[in-house]
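Working notes, structure below.
There are 2 protein chains.
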Amino acid sequence: MPDALNPAQLRTYFALMEAVSLLQYAVRQQLQADGGLSYVQFEILAKLADADHPLTMTDLADGVVYSRSGLTHQAGLLEKEGLITRAPSPDDQRATVVEITEKGRTRVAEVLPGHVEVVRALLFDSLDADEVRALGDMMENARDHMRSRPPRSAAPRKRRAGAGA
Amino acid sequence: MPDALNPAQLRTYFALMEAVSLLQYAVRQQLQADGGLSYVQFEILAKLADADHPLTMTDLADGVVYSRSGLTHQAGLLEKEGLITRAPSPDDQRATVVEITEKGRTRVAEVLPGHVEVVRALLFDSLDADEVRALGDMMENARDHMRSRPPRSAAPRKRRAGAGA
DNA sequence: TATTGTTATACTCTATAACTATA
DNA sequence: TATAGTTATAGAGTATAACAATA
Numbered sequence: 001m002p003d004a005l006n007p008a009q010l011r012t013y014f015a016l017m018e019a020v021s022l023l024q025y026a027v028r029q030q031l032q033a034d035g036g037l038s039y040v041q042f043e044i045l046a047k048l049a050d051a052d053h054p055l056t057m058t059d060l061a062d063g064v065v066y067s068r069s070g071l072t073h074q075a076g077l078l079e080k081e082g083l084i085t086r087a088p089s090p091d092d093q094r095a096t097v098v099e100i101t102e103k104g105r106t107r108v109a110e111v112l113p114g115h116v117e118v119v120r121a122l123l124f125d126s127l128d129a130d131e132v133r134a135l136g137d138m139m140e141n142a143r144d145h146m147r148s149r150p151p152r153s154a155a156p157r158k159r160r161a162g163a164g165a
Numbered sequence: 001m002p003d004a005l006n007p008a009q010l011r012t013y014f015a016l017m018e019a020v021s022l023l024q025y026a027v028r029q030q031l032q033a034d035g036g037l038s039y040v041q042f043e044i045l046a047k048l049a050d051a052d053h054p055l056t057m058t059d060l061a062d063g064v065v066y067s068r069s070g071l072t073h074q075a076g077l078l079e080k081e082g083l084i085t086r087a088p089s090p091d092d093q094r095a096t097v098v099e100i101t102e103k104g105r106t107r108v109a110e111v112l113p114g115h116v117e118v119v120r121a122l123l124f125d126s127l128d129a130d131e132v133r134a135l136g137d138m139m140e141n142a143r144d145h146m147r148s149r150p151p152r153s154a155a156p157r158k159r160r161a162g163a164g165a
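Chains as they are written, first to last, in full-length UniProt numbering: chain A, 1 to 165; chain B, 1 to 165.
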């Protein structure tokens, strides 16, 4: 098991992290400016708009956020703005059923064109069709690989908490 | 100018964002667990460890963080832990010269193996050498493209601030 | 007992604006 | 006047732990 990255891997890692950071930053700016939405809020709304049936909080949590309380917080903000509704599920009284409102759909529609434009201008302007396909294949593989390999493996190595001194 | 993304682009965009989000999450976990460092702090230390001459705050700000005060804050934390030193520059009395300490280098050395291992296991396990090269080329192009194209273009479209209703 | 979800709380990161000091 | 950096402050996002209610 090789304990280091070769130069090509290092170069790729840094370029990937930096490029995506720049993209994320631009996307967050756009969503905030055009619709007052954080990226997570946009993800929640987009997921709800895409689904043909209402989703539970657990459904939404999958892949969107890493803690339940974080999702509850974000959902609370979206509900306060009238972009989603929350109601107890008829099937399972423990579950909460989340639906997007018309106002929520409108907000997504307001934000989407600018979003698409940013992604196109920043990411896809410099990639041809073949590259887009290759990149998509690689990232789907990587994503599936990471999903199936929970990071808990590398968790408890050394603890370090307060000011070191 | 096409106002939408084609299906291949959409698929690639989402896969890229999700894969990198998972990677970032795992990397942050590892850095925190192994060295009590945020990713930005690790970037600062790595940049200093890599440079053969001391850097100014402005040097560090390039590409690491998006506001000066944020960098000042992070540098303050690192200094408090004894991982870096800050001193007025002899050349330009306005500037601050930042140097990594031995303790800082040690911390980087402690964190690096686990970091590399996470990146290798999560990202490069599913990519062969050709893919690594292709991904690196694409991401370097995209990064340079984004750097040269400041996102301010899409900034002022619509304002939306407080609670909507 | 396990699961769903919320609440309370605390902490980190980031950004804005005001300010000092030097070029 | 422009630049380098800090400070104070405020806000958003996220996580942990305790809790309530249902399966």
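Beta carbons: idealized from backbone N, C-alpha and C, even for Gly.
Under the Cβ criterion (8 Å, minimum of three pairs), the region 23-36 of chain A does not count as touching the region 140-147 of chain A.
Shown here, Arg149(A) sits in coil according to DSSP, grouped into three states, outside any helix or strand.
Any Cβ of chain B closer than 8 Å to the Cβ of Ala51(A) would place that residue at the interface, and such an atom is absent.
Nearest CB-CB separation between Ser126(A) and chain B: below the 8 Å threshold. Assignment of Thr56(B) by DSSP, reduced to helix, strand and coil, places it in the strand class.
Distance between Leu71(B) and Pro54(A), taken at the CA atoms: about 43 Å. Close to Glu140(A), with beta-carbon spacing below 7 Å, are these residues of chain B in chain order: Ala15. By a beta-carbon distance limit of 8 Å, Leu60(A) does not contact Ile100(A). Their separation comes to about 11 Å.
Taking a 10 Å sphere around the C-beta of Asp34(B), we find 16 or more other C-beta atoms and assign the residue as buried. When only Cα atoms are considered, Gln74(A) and Thr96(A) end up about 14 Å apart. With a cutoff of 8 Å on beta-carbon distance, Leu83(B) and Gly104(B) are scored as near each other. In the DSSP assignment, the residues bridged to Pro88(A) are Thr96(A). Secondary structure of Tyr25(B) (DSSP, three-state): helix.
Separation of Met17(B) and Ala49(B) (C-alpha to C-alpha, rounded to the nearest whole angstrom) is 29 Å. In chain order, Ala142, His145, Met146, Arg149, Pro151 make up the part of chain A whose C-beta sits under 8 Å from the C-beta of Leu122(B). In the DSSP assignment, Phe42(B) falls within the alpha helix (DSSP H) that extends over 39-50. Scanning its chain for C-beta atoms nearer than 7 Å, with the 5 sequence neighbours on each side dropped, one finds around Val111(A) the residues Leu31, Asp34, Gly35, Leu37, Phe42, in chain order. The beta carbon of Leu135(A) lies closer than 8 Å to those of Leu127 in the same chain, with the five residues before and after it left out.
Ala19(B) is the residue among Ala19(B), Arg149(B), Ala109(B) whose C-alpha sits nearest the C-alpha of Leu123(B). Rounded to whole angstroms, the separation of the alpha carbons of Ala129(A) and Phe14(A) is 24 Å. The beta-carbon distance between Val132(A) and Ala8(B), rounded to whole angstroms, is 5 Å. This is short enough to meet the 8 Å contact definition.
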